[in-house]
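Residue numbers (our numbering), protein chains in the order written: chain D, 1 to 230; chain L, 1 to 221. Even for Gly, the Cβ is constructed at its ideal location relative to N, Cα and C. Encoded as structure tokens, the structure appears first; notes follow it.
Here you go:
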């Protein structure tokens, strides 16, 4: 019997080693898997490459991970925010490497990895500093930049509900990068507010099919389960 | 610089003016900052679908106090609500909407716009600044129409509408129309055509505040 929801955070995360490349879901703090990140901090791995849309907010979650010095490089689209002081300080001190990627290119490069594509031609960024030195091609009168897939050893994402086969549904704008990151990592770990029985999630409504998910970890106590509908 | 004979538009007035050009049924992305204000001036009798890059279509006004949901935010990370008929989707689909030419209009802020429609709005190129780009480059190449909403000059009085960008480009030849606190400009094959100016402002005054050659098209409307 397959049960992807049978381990606790500590056991699931213990397979992550120094030097890992890790996608972390979220747009700002919406959809950020805060408890998985805390678990990663406790694990104490270092020399990490992190892929996220931002570079942490405030002093919690991703910002807290950055502050520990565990992250060697971050790949993101929008690091500079009013509350990104942790990243700002590391960046100015030369303690973290930044690969800045236009947000849509971040998304399509992650998708390319999940879809098994060798690369994508994207119009975004053509003629800009962010496409400098990259191959370009004119297709049907329009200019494109060749961008390579971004894949990861692990994806840490946040969903609303999941079942033991790894099927997931999300909540509102917390969905953001979750579904595409789940497809692009060797091992996807989803934290959910609630694990439900097989069949409780309507197949018509499942956003991430379980084939893309290796582990489901429930964070909130199951006391909210009575209100659940698919 | 004398403002004796004319009054510049407020930020809200620029937003109100830009809102008039958004047609019923349009799919629209409003950039972070000034353009976000346009949402307040969209008439109730129009169905305008606001898109947010983090996976929202047809979002609505901010929630009442106490109703804020940290998982229901727009691209500016402000709390919003959903309209009936609104939808959620992941980032791949969201940028398919933007890059794939499905967004009718985007309205972006600008550091500079050049006479040929080049836009700079992501980096000043300052050596110690942290670069951030977000979805601006995707909107610049992907939206059917790119509008810019900006003050006509910088706080220090330097032109933001220029013959050639001095800041790093966001998108080439992408801007279709510019709304400033002084005027409305269409970017055309022939150049920058001024279609409206605030009352009391002369074309010569406007030209003097602009770093690129303007065409007076105020009578051709």
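Entirely enclosed alpha helix (DSSP H) segments - the region 89-153 of chain L, minimum 4 residues: 91-99 and 136-142
- [ ] May I ask you to report which of helix, strand or coil DSSP gives residue 41 (chain D)?
- [x] The residue you call residue 41 (chain D) lines up with position 41 of the first chain. In the structure shown, residue 41 (chain D) sits in a helix (DSSP, three-state: H, G or I).
By the 8 Å beta-carbon criterion, what residues does the region 157-182 of chain D contribute toward chain L? 170, 171, 172, 173, 174, 175, 176, 177, 178, 179 and 180
| Whose Cβ in chain D lies nearer than 7 Å to the Cβ of residue 91 (chain L)? | Position 91 of the second chain, counting from 1, holds the residue named residue 91 (chain L). Those within 7 Å of residue 91 (chain L) in chain D are 107, 176, 177 and 180.
* **Residues that DSSP places opposite residue 29 (chain L) in a beta bridge** => As a working note, residue 29 (chain L) is residue 29 in the second chain. In DSSP, residue 29 (chain L) forms a bridge with L:51 and L:106.
Report task. Flag residue 69 (chain L) as yes if its beta-carbon sits less than 8 Å from any beta-carbon of chain D, otherwise no. Result -> Residue numbering aside, residue 69 (chain L) sits at position 69 when the second chain is read from its first letter. Yes, contact with chain D.
Strictly under 8 Å for the Cβ-Cβ distance: is residue 132 (chain L) near chain D by that measure? Here the question's residue 132 (chain L) lines up with position 132 in the second chain. When Cβ-Cβ separations below 8 Å define contact, residue 132 (chain L) makes contact with chain D.
Task: Listed by chain order, chain L residues near residue 27 (chain D) by CB distance under 9 Å - done: Your numbering for residue 27 (chain D) matches position 27 in the first chain. Those are 53, 54, 55, 73, 75, 77 and 91, listed as they occur along chain L.
Might you give, ordered along the chain, the residues of its own chain that have their beta carbon closer than 7 Å to the beta carbon of residue 35 (chain L), omitting 5 neighbours on each side? The residue labelled residue 35 (chain L) in the question sits at position 35 within the second chain. Closer than 7 Å at Cβ, skipping near neighbours: 107, 108, 109 and 149.
**OP:** Closer than 6 Å by C-beta to residue 218 (chain D): which residues in its own chain qualify, once you throw out the five before and the five after it? Chain order, please.
**Re:** The residue you call residue 218 (chain D) lines up with position 218 of the first chain. Only 192 and 195 meet the Cβ criterion.
Stretch pair the region 22-37 of chain L + the region 49-58 of chain L: three plus CB contacts closer than 8 Å: Yes, since at least three Cβ pairs between the region 22-37 of chain L and the region 49-58 of chain L fall closer than 8 Å, the two stretches touch.
Check: Which bits of chain D does residue 169 (chain L) rub up against, with CB to CB less than 7 Å?
Finding: Walking along the second chain from the start, residue 169 (chain L) turns up at place 169. Near residue 169 (chain L) (Cβ distances below 7 Å), the residues of chain D are 127 and 128.
query: Should residue 172 (chain D) and residue 72 (chain L) be called a contact, given that it needs their Cβ atoms to be closer than 8 Å?
result: Within the first chain, numbered from 1, the residue matching residue 172 (chain D) stands at position 172. Within the second chain, numbered from 1, the residue matching residue 72 (chain L) stands at position 72. Result yes, Cβ atoms of residue 172 (chain D) and residue 72 (chain L) sit closer than 8 Å.
Alpha-carbon to alpha-carbon, residue 193 (chain L) and residue 186 (chain L): Position 186 of the second chain, counting from 1, holds the residue named residue 186 (chain L). Position 193 of the second chain, counting from 1, holds the residue named residue 193 (chain L). The straight-line gap from Cα to Cα measures roughly 5 Å.
task: Flag this pair as touching only if the region 7-25 of chain L and the region 57-75 of chain D have three or more C-beta atom pairs under 8 Å; answer yes or no.
output: no
For residue 218 (chain D), which beta-bridge partners are listed by DSSP? Taking the first residue of the first chain as 1, we reach residue 218 (chain D) at position 218. In the DSSP output, where bridge partners are listed per residue, residue 218 (chain D) has D:192.
### Query
Excluding five sequence neighbours on each side, which residues of the same chain lie with their C-beta closer than 6 Å to the C-beta of residue 183 (chain D)?
Along the first chain, read from residue 1 onward, the residue named residue 183 (chain D) stands at position 183. For residue 183 (chain D), where only same-chain residues beyond five positions count, the Cβ hits under 6 Å are 114 and 212.
Query raised in the report: Tell me, which residues are paired with residue 170 (chain D) by DSSP?
Result: The residue given as residue 170 (chain D) occupies position 170 in the first chain. In the DSSP output, where bridge partners are listed per residue, residue 170 (chain D) has none listed.
Just by C-beta distance, which residues in the region 134-155 of chain L are closer than 9 Å to chain D? 134, 135, 136, 137, 138, 139, 140, 141 and 142
Give a yes or no on whether 8 Å exceeds the smallest Cβ distance from residue 72 (chain D) to chain L. On the first chain, position 72 is the one that residue 72 (chain D) refers to. So, not an interface residue.
request  = Just the C-alpha distance for residue 222 (chain D) and residue 161 (chain D), rounded to the nearest angstrom, thanks.
outcome  = The residue labelled residue 222 (chain D) in the question sits at position 222 within the first chain. The residue labelled residue 161 (chain D) in the question sits at position 161 within the first chain. Because residue 222 (chain D) carries a pLDDT of 45, less than 50, the predicted location of this residue cannot be relied on, and the following value inherits that uncertainty. Those two C-alpha atoms are separated by around 11 Å.
What residue range does the alpha helix (DSSP H) around residue 75 (chain L) cover?
On the second chain, residue 75 (chain L) is found 75 positions in, with the first residue counted as 1. Careful: residue 75 (chain L) lies outside any alpha helix (DSSP H) and carries neither H nor E.
**Q.** One or two residues paired with residue 191 (chain L) in a DSSP bridge
**A.** Residue 191 (chain L) sits at position 191 when you count from the first residue of the second chain. For residue 191 (chain L), which the question treats as bridged, DSSP gives the partners L:188.
| request: Return the first residue and the last residue of the alpha helix (DSSP H) that residue 97 (chain D) is part of. | output: Here residue 97 (chain D) is taken as the residue at index 97 of the first chain, counted from 1. Element bounds for residue 97 (chain D): not the alpha helix (DSSP H) but the beta strand (DSSP E), 97-100.
* Cβ contact check for the region 68-83 of chain D and the region 50-58 of chain D: 3 or more pairs under 8 Å -> yes
Open item on the list: Contact defined as beta carbons within less than 8 Å: I believe residue 83 (chain L) pairs with residue 175 (chain L). What is the distance between those atoms, to the nearest angstrom?
Closed with: Counted from its first residue, the second chain places residue 83 (chain L) at position 83. Counted from its first residue, the second chain places residue 175 (chain L) at position 175. Not quite, the Cβ-Cβ distance comes to about 29 Å (not below 8 Å), so this is no contact.
Note to self: Closer than 7 Å between beta carbons: that is the criterion. Which residues of the region 92-126 of chain L meet it against chain D?
What the structure shows: Here the close residues are 92, 95, 98 and 99.
| said: Residues of chain D with CB closer than 8 Å to the CB of residue 88 (chain L), please, in chain order. | reply: The residue you call residue 88 (chain L) lines up with position 88 of the second chain. Simply 170, 172, 173 and 175.
Quiz item: Opposite residue 74 (chain D) in the DSSP bridges: which residues?
Solution: By 1-based counting over the first chain, the position of residue 74 (chain D) is 74. Paired residue(s): D:50 and D:98.
So with Cβ pairs under 8 Å, would you call residue 154 (chain D) a contact of chain L? Position 154 of the first chain holds residue 154 (chain D). No - not a single Cβ of chain L is within 8 Å of the one on residue 154 (chain D).
(Q) Measuring only the C-alpha atoms, how far is residue 199 (chain L) from residue 7 (chain L)? (A) If you number the second chain from 1, residue 199 (chain L) lands on position 199. If you number the second chain from 1, residue 7 (chain L) lands on position 7. Counting only the Cα atoms, residue 7 (chain L) lies some 8 Å from residue 199 (chain L).
TODO: Would you grab the beta carbon distance between residue 18 (chain D) and residue 47 (chain D) for me? Rounded to a whole angstrom, and I think it's under 8 Å.
DONE: By 1-based counting over the first chain, the position of residue 18 (chain D) is 18. By 1-based counting over the first chain, the position of residue 47 (chain D) is 47. Yes, residue 18 (chain D) and residue 47 (chain D) are in contact; Cβ-Cβ is about 5 Å, under 8 Å.
Spatial neighbours of residue 46 (chain L) within its chain, please: CB distance less than 6 Å, with the 5 preceding and 5 following residues excluded, ordered by chain position.
Counted from its first residue, the second chain places residue 46 (chain L) at position 46. Result list for residue 46 (chain L): 24, in chain order.
For chain L, find out if any of its Cβ atoms is closer than 8 Å to the Cβ of residue 230 (chain D); answer yes or no.
On the first chain, position 230 is the one that residue 230 (chain D) refers to. For residue 230 (chain D), the pLDDT reaches just 37, beneath the cut-off of 50, and the residue's location in the model is therefore unreliable, leaving the point undetermined.
**OP:** Compare the C-beta of residue 179 (chain L) against all C-beta atoms of chain D and say whether one is closer than 8 Å.
**Re:** In the second chain, residue 179 (chain L) corresponds to position 179, counting from 1. So no, residue 179 (chain L) is outside the interface.
Using a 10 Å radius around the Cβ and a threshold of 16 neighbouring Cβ atoms, would you call residue 14 (chain D) buried or exposed? For the purposes of this step, residue 14 (chain D) is taken as the residue at position 14 of the first chain. By the neighbour-count rule (16 or more Cβ atoms within 10 Å), residue 14 (chain D) is not buried but exposed.
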